[in-house]
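A.B. asks:
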Amino acid sequence: MMKTLSATFERFGGVMLLPVALALIAFLLIGRPSTWVTLTVAGLAMGMMIFLMASGLSLIFGLMDVLNFGHSAFVSFGAFIAASVLAFLGAWVSGGSAVLNIAALMAAIAAATAFGALAGWAFERVIVKPVYKDHLRQILITMGALIVADEIILTLWGGAPIPVPRPAVLTGSIVVGDVSIEIYRIFAFLLGLCVYVAMHFALNRTRIGLLVRAGVENREMVEALGFRIDRLFIAVFMAGSALAAMGGAMWAGYQSLITTAIGAEMMILVFIVVIIGGLGSIEGSLLGAILVGLMANYVAFLFPKMSLASNMILMMAILLWRPFGLKPAVKG
Amino acid sequence: MANAAILPGAVPAVSRRRQAGRFLVYAVVLAIGLALAFAPFLFPDVRAQEVAARICVFVVLVASYDLLIGYTGIVSFAHTMFFGLGAYGAAIALKAMGPGFDAIFFGGALGVLAAIVLAVLIGLLSLRVKAIFFAMVTLAAASVMMVLASQLSAITGGEDGMTFSVPRPFSPAQPLVTGEDGKALRLFGVALNGRVAHYYFVFVSSFLLFLVMMRIVASPLGTVLQAIRENEMRAEAIGYRVVAYRTAIFCIAAVIAALAGILRAVWLKYTGPDVVLSFDIMLDILLMVVIGGMGTLYGAVIGVAVMTLAQYYLKDVMAAGAAATADLPLLPDLLNPDRWLFWLGLVFILLVYFFPAGIAGTLMGKGGHK
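Chains as they are written, first to last, in the working numbering: chain A, 1 to 332; chain B, 1001 to 1370.
1. Go to A:V270, then tell me how far its alpha helix (DSSP H) extends in each direction, as first and last residue.
2. If you run the structure through DSSP and keep just helix, strand and coil, what is A:S180?
3. How big is the Cα-Cα spacing for B:H1369 and B:R1229?
4. From A:M246 to B:V1075, what does the alpha carbon distance come to, in whole angstroms?
5. Using 8 angstroms as the limit for Cβ to Cβ distance, is B:P1337 near chain A?
6. Where A:G159 and A:A261 are concerned, what is the direct C-alpha to C-alpha distance, given to the nearest angstrom?
7. Do A:M16 and A:L287 have their CB atoms nearer than 8 angstroms?
8. Report the residue from B:V1166, B:I1359, B:N1231 and B:N1336 whose alpha carbon sits nearest the alpha carbon of B:V1266.
9. Between the alpha carbons of A:V20 and B:L1121, how many angstroms are there, rounded?
10. Please give me, in chain order, every unbroken run of the alpha helix (DSSP H) with length at least 4 that falls completely inside the stretch 22-70 of chain A.
11. Are the CB atoms of A:M306 and A:V75 nearer to each other than 8 angstroms?
12. Check whether the Cβ atoms of B:A1052 and B:L1036 lie closer than 8 angstroms to each other.
13. So for A:M143, helix, strand or coil by DSSP?
14. Beta-carbon within less than 6 angstroms of B:V1224's beta-carbon, same chain only, minus the 5 sequence neighbours each way: which residues are those?
15. I need the straight-line Cα distance from A:V236 to A:I60, nearest angstrom please.
16. How would you label A:G120, buried or exposed, when you count the other beta carbons within 10 angstroms and need 16 or more for buried?
17. Helix, strand or coil for B:M1364 per DSSP?
18. Name, going along the chain, the residues of the stretch 134-164 of chain A whose beta-carbon falls closer than 9 angstroms to a beta-carbon of chain B.
19. Taking just the CA atoms, how far does A:G116 sit from A:F227?
20. Just checking, does the stretch 1106-1114 of chain B make contact with the stretch 1142-1149 of chain B on the three C-beta pairs under 8 angstroms criterion?
21. Consider the Cβ of A:L291: report whether some Cβ of chain B lies at a distance smaller than 8 angstroms.
22. Could you give the distance in angstroms between the alpha-carbon of B:N1193 and the alpha-carbon of B:Y1270?
23. When we look at the beta-carbon of B:A1357 and count the other beta-carbons within 10 Å, is it buried (16 or more) or exposed?
24. Distance check for B:A1227 and B:R1016, CA to CA, integer angstroms please.
25. Using a C-beta cutoff of 8 angstroms, does A:M295 count as contacting chain B?
26. Whole angstroms are fine: how far does the CA of A:E124 sit from the CA of B:V1059?
27. If we call anything under 8 angstroms between Cβ atoms a contact, is A:M250 one with A:L52?
28. Tell me, please, whether the stretch 61-80 of chain A touches the stretch 190-205 of chain A by the rule of three or more beta-carbon pairs shorter than 8 angstroms.
29. So, for A:P328: in the same chain, excluding its five sequence neighbours on each side, which residues have a beta-carbon less than 7 angstroms away from its beta-carbon?
30. What residues match up with A:P165 in a beta bridge as DSSP calls it?
31. With respect to the alpha helix (DSSP H) encompassing A:M306, which residues constitute its N-terminal and C-terminal limits?
32. Compute the minimum distance between the beta carbon of A:A111 and the heavy atoms of the ligand PLP, and state whether it is under 7 angstroms.
33. Checking contacts by CB at 8 angstroms: is A:I275 closer than that to chain B?
34. Does DSSP classify A:I229 as helix, strand or coil?
35. Cα-Cα, which of A:H71, A:I275, A:G31 and A:L5 is closest to A:A242?
36. At a CB-CB cut-off below 7 angstroms, which residues of chain A make contact with B:A1040?
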């Protein structure tokens, strides 16, 4: 009985059904379709931004068994750099020309991403490389790096909240019937989707992707076949850090007022996503991120006080059901 | 070559250096212990008393964390959560039931109970998976506790925390020993009033808890824990149930942390997210245990003393440095006393690189364990 049930469950998409189920339950609880649509779109957009931050962390761990507790530093740096670039290009941002609006936003995101990649390279060489294969020291040293990075941000940008100007073309919302959807959310969702598709393609259709996936599955074997996993790892680390910075930049635009606490706030969500999704797989990260995004928005509407605790409970429940996450690439 | 080691009386140089280092560690710990034991008489001013009481409580807290990270190899970020449970338990009871030892006992017991329940839940749920999973789960749990404490403001006082009074014998107006003139008797120029009793309540409790932990690490349980740290598979193969042992030590550490939380609350007469739950406290604990030396309880004493003194004196040095470099770009900002964590973070990274065994571990000649 149990077996047929789980077989049916797998045939209809398995764990990928969870967000749909969550959305349906929320629909019944909320009752008003227009509110539900707004919340769902917000949840999806938030999920996509968290996915950007989480996917890199997940891959980094899967490939090299390195857990980077300093990952959120890239998120914060991305957010603050994007804010500074947008403030610098103030005339482009507030002007009426849609092209210049988009150009300013793209410049901000590109600056954040480029910084993420460069800083990721330096971080990997200086901080992470000396402590490969030593989990305790990895956790400690990346934690130390996080402290230093946070202090640098405080030194450069100060402790006061910083406003993030949003390009004029992305402000406001689209109204369909009695449903209003913020444009920025659609943009965030689409950007996240593009990144996911690109990553999916790179991992599944290219030779490097093949090596990354093989390395996640069994690093020694790939090395024994003569491939330099450590070089590949630097590339993955840079990409992961760049994505985190991009996510941070997007999140800064979404929040429109950022403080130095942004890294710590996002880190918790990113960890929850990585744990829920299972380490080493971007599909898992996407699934986890969407679940967390939807959950956060529904619960914030239905039971405001439970907001963060709800994701924690979600994580506990999923760990009880699947101790290694929903779609892990590595087990054990 | 081997003769030197075999000849009686001829101790190899390395071992002699280790012995000297070990004596140095014992001497330093003894000195810190004595300084704390007579703190009210040695350093009578209020600020120094604060520092001494903080060191007492944090020695317990950091040593209990060392049971996890140093002896068993468990990385948990939820230690402040247990610390906070104890502190809030005592605080809420003292506020609701009025100042009295029954309130401390009752509230503290509830806090400890909550800590045990949570520790068992988290332990059984996630100690069977990888160390890194566990670290993330505890981090998430701790942050949820922090949010709860600041949102349930009706009970916990929210962000502002709560102040309360402590039992009458701890008040400075209450003489401990009455002299002939009806006032508190003075010893070495220090009035023996409730403030001294207050401090010794904290000191003696901390001292007893520290002794308990010394006993735990010397017991068969402590040996099994170290075996698990060194080689988990082997410990399991020999027949020790690793998950059970890990959960047990996680609960023990949680209980001791909660007890330390009660002491902190009773000493401060205040409890709030910033002093017991915040992530900064967790970082402090982590820094203290690594600086002092993981895997030795003496390291915890040294780490706490060094860090706490640094927190008070490094800032003065930095303020002087910032004033001296005021004309240069960026440097004065980095030397701003508020940025002291930056330097501490750098020191921390260098320590983890070059002296993973910390001060006590390096002196006592323990290599960094993998």
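Glycine included, every Cβ here is placed at the ideal spot set by N, Cα and C.
C.D. replies: Answer, in terms of the structure:
1. I262 to G277
2. strand
3. Only weak support exists for where B:H1369 lies, its pLDDT of 42 falling under 50; the value from the coordinates is given anyway. Computed Cα separation, rounded: 9 angstroms.
4. A:M246 and B:V1075: Cα-Cα distance of roughly 30 angstroms.
5. no
6. Approximately 9 angstroms, taken between the alpha carbons.
7. yes
8. B:V1166
9. Each residue's Cα considered, the two are about 29 angstroms apart.
10. 33-64
11. One thing to note: A:M306 has its Cβ no nearer than 8 angstroms to the Cβ of A:V75.
12. yes
13. helix
14. Y1240 and Y1245
15. 7 angstroms
16. buried
17. In this structure, B:M1364 counts as coil in the three-state DSSP scheme.
18. D134, H135, L136, R137, Q138, I139, L140, I141, M143, G144, A145, L146, I147, V148, A149, D150, E151, I152, L154, T155, L156 and G159
19. 26 angstroms
20. no
21. With a threshold of 8 angstroms between beta carbons, A:L291 makes no contact with chain B.
22. 21 angstroms
23. Buried.
24. Between the alpha carbons of B:R1016 and B:A1227 lies a gap of roughly 27 angstroms.
25. A:M295 does not count as touching chain B.
26. 34 angstroms
27. In contact: A:M250 and A:L52 (Cβ atoms closer than 8 angstroms).
28. no
29. Only G278, L279, G280, S281 and G284 meet the Cβ criterion.
30. Answer is none; A:P165 lacks a bridge partner.
31. Note, A:M306: premise wrong, no alpha helix (DSSP H); not H, not E.
32. As presented, the structure is devoid of all ligands, the ligand PLP included, so that no description of it is given.
33. yes
34. helix
35. A:H71
36. What sits at residue 1040 of chain B in the sequence shown is Pro, not Ala. Under the 7 angstroms cutoff, chain A gives no residues; its nearest Cβ is about 34 angstroms from B:P1040.
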